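Below is one structure, written out as structure tokens; the observations come after it.
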Amino acid sequence: MSVPAPVPAATPAAVTVRVPAKVNVQLAVGAARPDGFHDLANVFLAVGLYDEVTVTESDELRITCSGPDAGQVPLDRTNLAARAALALAGRRGIDPAVHIHIAKDIPVAGGMAGGSADGAGALLACDRLWQAGASRAELLSICAELGSDVPFSLVGGAALGTGRGEQLRTLEAGGTFHWVFAVADGGLSTPAVYGEFDRLNEGVRVPEPTASEALLAALAKGDAEALAATLANDLQPAALSLRPSLRDTLEAGRAAGALAGLVSGSGPTTAFLVGDGDTAEKVAQALTASGTCRTARAAVAPALGATVV
Ligand SMILES: C[C@](O)(CO)[C@H](O)COP(=O)(O)OP(=O)(O)OC[C@H]1O[C@@H](n2ccc(N)nc2=O)[C@H](O)[C@@H]1O
Ligand SMILES: Nc1ncnc2c1ncn2[C@@H]1O[C@H](COP(=O)(O)OP(=O)(O)OP(=O)(O)O)[C@@H](O)[C@H]1O
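Structural data, given as structure tokens:
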């Protein structure tokens with residue numbers, strides 16, 4: 001009896017990956033290192049606002065982007081999605097001839113790791129499209145080369161990032177947290193915000209960054225009120241110094257019923273932790289009506305990391 005020849009696995013024509021935004025529930029920043037980066041204790045939480053990255057075979061590497069902020073996204077090889085494709089292709093000796101389409105819903109230059117999400121998403125999508133078979137460890141190592149926030153975009157959930165934020169330890173998040181994000185007009189440059197942190201701390205001995213035990217316990221218990229009491233961002237004074245109007249947004253969110261508010265990462269998006277989904281809708285409407293932000297969006301956390309859809 002003849003045995004049928006094994007059917008080779010079909011090469012997918014297109015792969016789409018969904019990747020979440022992040023908020024930093026604690027961002028403890030140390031002194032500037034000799035390489036210009038800062039050591040961090042960075043407690044990341046993935047939130048349910050997503051970009052979708054679709055990769056298709058093409059005759060050359062090209063990028064397109066859709067969504068309300070698409071005009072602010074670079075479409076050349078500086079795009080983190082293009083850099084991710086080039087990094088994997090370079091390691092495998094593959095021609096990086098793909099069309100990468102980014103359906104962008106994460107605010108651009110908003111401190112929510114939108115570019116990092118696209119880098120992680122394109123990397124996973126190219127790995128599947130090319131059947132490159134990269135291990136999780138190799139994917140994480142390429143992510144770390146692309147940027148400090150990129151490894152977390154791949155893994156999602158909740159994690160503590162040390163080093164420059166790229167060395168991750170998974171954290172337990174014991175429940176659903178409800179958030180509202182106030183999106184500002186225009187972005188803030190991440191290096192400029194770290195530069196302002198250095199300027200504000202000139203002559204000050206900056207302590208070693210450490211994660212707060214009380215914050216980690218609140219996260220593990222799923223206790224929103226306890227988490228609200230411990231939220232902390234060492235970049236917030238720098239972001240407020242560069243964009244003083246964010247104080248009005250923070251005040252408007254608190255007045256509307258948020259448990260607490262803070263600048264998300266390097267800003268200028270501000271993040272508000274609220275008690276439940278109904279309050280989230282109410283706070284989002286109040287923030288939008290307040291005139292202190294461009295728009296406000298409700299989202300839940302934790303969210304899954306980069307996922308093939
Ligand atoms: C503010 C955060 O979003 C918080 O998660 C991140 O720390 C920023 O991560 P990112 O955007 O991926 O940053 P990278 O692309 O790695 O670095 C951009 C620039 O930010 C500054 N940077 C970034 C990370 C870090 N730990 N220290 C730094 O000083 C450096 O000036 C660096 O040149
Ligand atoms: N795929 C991308 N999407 C958006 N911006 C990108 C992308 N690739 C490169 N960039 C560049 O990166 C800059 C920062 O964009 P991004 O949306 O990642 O900021 P961010 O959310 O503040 O980042 P982070 O929170 O990681 O500091 C943009 O102004 C843009 O020039």
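Sequence positions in the sequence shown follow UniProt numbering and run 1 to 309. Beta carbons: idealized from backbone N, C-alpha and C, even for Gly. Values in this document were obtained by computation on a predicted structure and should not be read as measured data.
My output table needs one value for Q167: the three-state DSSP class, helix, strand or coil.
strand
Taking just the CA atoms, how far does G275 sit from T307?
28 Å
With hydrogens ignored, establish whether the beta-carbon of T270 is closer than 7 Å to any heavy atom of ligand 2.
no
Does DSSP put V17 in a helix, in a strand, or in coil?
strand
What are the boundary residues of the alpha helix (DSSP H) that C143 is part of?
R136 to L146
For the putative contact between K104 and S148, defined by C-beta atoms under 8 Å, what is the C-beta separation to the nearest angstrom?
Going by Cβ atoms, the distance from K104 to S148 rounds to 21 Å, so no, they are not a contact pair.
Any beta strand (DSSP E) of 3 or more consecutive residues that is wholly inside the segment 59 to 109:
62 to 66 and 98 to 103
Identified DSSP bridge partners for V180
F272 and A298
CA-CA distance, L86 and D248?
42 Å
D39, enclosing beta strand (DSSP E) - first and last residue
H38 to E57
Whole-Å CB distance - S241 paired with L188, under 8 Å assumed:
The Cβ separation is near 11 Å, so there is no contact.
Spatial neighbours of V283 within its chain, please: C-beta separation below 7 Å, excluding the five flanking residues on both sides.
V180, G253, A256, G257, A258, F272 and V274
Within the chosen definition, does the segment 198 to 214 reach the segment 23 to 40 through at least 3 CB pairs nearer than 8 Å?
yes
Roughly how many angstroms lie between the CA atoms of D198 and V23, to the nearest whole one?
22 Å
Relative to the alpha-carbon of R297, which residue among R205, H178 and L304 has its alpha-carbon at the smallest distance?
H178
Is there at least one non-hydrogen atom of ligand 1 closer than 7 Å to the beta-carbon of R164?
yes
Is the separation between the beta-carbon of P107 and that of G115 shorter than 8 Å?
no
Tell me whether P20, by its Cβ, gets closer than 7 Å to a heavy atom of ligand 1.
no
I need the straight-line Cα distance from D278 to D95, nearest angstrom please.
49 Å
Buried or exposed for D234, going by 16 or more other Cβ atoms inside 10 Å?
buried
Name, in chain order, the residues that DSSP records as bridge partners for V150.
V150 pairs with nothing; no bridge assigned.
In terms of residue numbering, what span does the beta strand (DSSP E) encompassing L235 cover?
No beta strand (DSSP E) holds L235; DSSP gives it neither H nor E.
Compute every distance between the C-beta of L200 and the non-hydrogen atoms of ligand 1, then say whether any falls below 7 Å.
no
What do you get for V19, buried or exposed, if any count of 16 or more other CB atoms within 10 angstroms of its CB means buried?
buried
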